[in-house]
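To start, the structure under review is shown below, and the notes come after it.
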Amino acid sequence: MFAAPVDVDLPAVCRIFRPKDLQNYGMAKERTFPLEFESQKPVYFHPAEPADFACDVLEIGPGRGDLLLWCAANWPTKRFVGIELNGFRCKKLARRVDRRELTNVLLIKGNARVVVPRYFVGATFERIYILFPDPWPKERHAFHRLLSIEFLGVLSDRLKPGGDIVLATDWQPYADWVVANLAAVPQLVNEGTPYVSNMGFLPNNEPTRFEQLWREAGREIFYLRARRR
Ligand SMILES: C[S@@+](CC[C@H](N)C(=O)[O-])C[C@H]1O[C@@H](n2cnc3c(N)ncnc32)[C@H](O)[C@@H]1O
106 MFAAPVDVDL
116 PAVCRIFRPK
126 DLQNYGMAKE
136 RTFPLEFESQ
146 KPVYFHPAEP
156 ADFACDVLEI
166 GPGRGDLLLW
176 CAANWPTKRF
186 VGIELNGFRC
196 KKLARRVDRR
206 ELTNVLLIKG
216 NARVVVPRYF
226 VGATFERIYI
236 LFPDPWPKER
246 HAFHRLLSIE
256 FLGVLSDRLK
266 PGGDIVLATD
276 WQPYADWVVA
286 NLAAVPQLVN
296 EGTPYVSNMG
306 FLPNNEPTRF
316 EQLWREAGRE
326 IFYLRARRR
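Letter 90 of the sequence shown, counting from 1, is numbered 195 in the numbering used here, and no numbers are missing.
In C-alpha cells:
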C-alpha cells in the first residue's frame with residue numbers, strides 16, 4: 106500500500122532505531138530536534154508514486170483524517186496532502202481514501218519536519234491544518250514540539266501570501282508557546298487576541314477525533330490562526 110520513493114535508498118541498518126542510537130547521536134545531550142537523524146528514516150507515499158507534489162492544502166497529523174477526507178470530497182478541484190507520522194493511522198487513512206475513491210489526496214508517512222522541506226518547494230499552500238499536535242508537556246521533551254520558530258518559518262515559506270496556519274490544542278501552555286513563537290516569525294501574523302473563536306474554525310464544523318475526546322474529558326480548547334503576510 107505504501108511504497109518507498111526512489112530517492113530513499115537506505116542501508117538496512119538505518120531502519121532500526123534504538124535509544125542507544127539516539128544517545129550516540131547526541132540527541133539526549135543537545136535537547137534539539139535531531140533533524141539529520143530523522144532525515145535518515147524512510148518516507149512512504151500513498152499513492153505509491155505521486156505524479157507531483159503540487160498541493161493546495163496540507164494537514165499535519167491528520168490522525169483518523171475526518172477533516173482531510175471531508176475537504177477532499179467537498180473540494181474536488183483542490184489537492185490535499187496529509188503528513189502522518191504514525192504508520193498504523195496512515196494505513197487506515199489510506200484505506201479510507203481508497204474506499205471513497207478520492208483521487209485528490211496524497212498521504213505521506215513521515216515526520217512533517219523532514220517531509221515539508223524535502224518535498225515541498227515554494228509558496229504552494231493556501232492553508233495548513235495542525236490540529237491537536239502532540240504537546241510534549243515535559244520540559245525535557247520540549248524539543249519534540251512541532252511548532253518551533255524554525256518550523257513555523259519553514260511552513261510560512263510554503264504558504265501563499267494570505268494563506269494561513271490553523272491550529273487547535275487542548276494544552277494552553279502549548280498554545281501560548283506557539284503565540285510567542287509566531288511573534289518571532291515576521292512573515293506570519295497572529296489573527297487572534299491571542300486566540301480565535303471556534304465559530305467557523307473548521308469548514309466541516311465538526312470536532313476532530315481528538316477534540317471530541319478532550320471535550321468529553323472537560324478540557325478547554327484553544328484555537329489559533331496565523332496568516333502569511
Ligand atoms: C493528538 S493526534 C491528533 C490527530 C487529529 N489531528 C485529530 O485532531 O484528531 C496527533 C497526530 O499527529 C501525528 N504527528 C505527531 N507528530 C508529527 C509529525 N512530526 N509529523 C507528522 N505527524 C505527526 C501523530 O502521529 C498523531 O496522529
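Virtual Cβ for every residue (Gly too), placed ideally from N, Cα, C.
Three-way DSSP call (helix, strand, coil) for residue i in this model
| i | result |
| --- | --- |
| K214 | strand |
| D269 | strand |
| A178 | helix |
| L287 | helix |
| I233 | strand |
| F225 | coil |
| E154 | coil |
| G187 | strand |
| A331 | strand |
| L264 | strand |
| I254 | helix |
| L207 | coil |
| Y300 | coil |
| V202 | helix |
| V259 | helix |
| E164 | strand |
| V220 | helix |
| L140 | helix |
| L293 | strand |
Cα-Cα separation, residue i to residue j
| i | j | result |
| --- | --- | --- |
| A273 | L251 | 13 angstroms |
| R232 | L172 | 13 angstroms |
| Y234 | I270 | 6 angstroms |
| E206 | S302 | 34 angstroms |
| T229 | V284 | 24 angstroms |
| E296 | P242 | 25 angstroms |
| R314 | G227 | 31 angstroms |
| D281 | V221 | 24 angstroms |
| I213 | P147 | 11 angstroms |
| H246 | E143 | 16 angstroms |
| R324 | T298 | 20 angstroms |
Contacts around residue i, its chain only, beta-carbon distance under 6 angstroms, and the 5 residues preceding and following it disregarded
| i | result |
| --- | --- |
| F306 | Y328 |
| E164 | L173, G187, Y234 |
Classification of residue i by the beta-carbon crowding that lies within 10 angstroms, buried from 16 upward
| i | result |
| --- | --- |
| A217 | buried |
| E189 | buried |
| N191 | exposed |
| P291 | exposed |
| P181 | exposed |
| A156 | exposed |
| L140 | exposed |
| R204 | exposed |
Residues near residue i by beta carbon distance below 7 angstroms, same chain, minus five either side
| i | result |
| --- | --- |
| G170 | G187, L198, R201 |
| K183 | D161, V162, N209 |
| A159 | R184, T229 |
Nearest-angstrom beta carbon gap, residue j and residue i [assumed within contact, 8 angstroms]
| i | j | result |
| --- | --- | --- |
| F150 | L236 | Contact flag wrong, Cβ pair sits at about 22 angstroms. |
| P312 | C176 | Rounded, the Cβ-Cβ distance is 15 angstroms, inconsistent with contact. |
| R334 | P266 | 7 angstroms |
| T137 | F225 | T137 to F225, Cβ: 23 angstroms. No contact. |
| G293 | S253 | The amino acid occupying residue 293 in the given sequence is Leu; Gly does not appear at that position. So it is not a contact: roughly 13 angstroms between Cβ atoms. |
Residue-chain proximity (residue i, chain B), Cβ-Cβ < 8 angstroms
| i | result |
| --- | --- |
| L260 | Judged by its chain identifiers, the structure shown contains no chain B, having just a single protein chain. |
Residues near residue i in its chain [Cβ-Cβ closer than 8 angstroms; skip 5 each side]
| i | result |
| --- | --- |
| I326 | A273, T274, D275, N303, E316, W319, R320 |
| P238 | I165, G166, R250, L251, L252, L272, T274, Y279 |
| N286 | L252, S253, I254, L257 |
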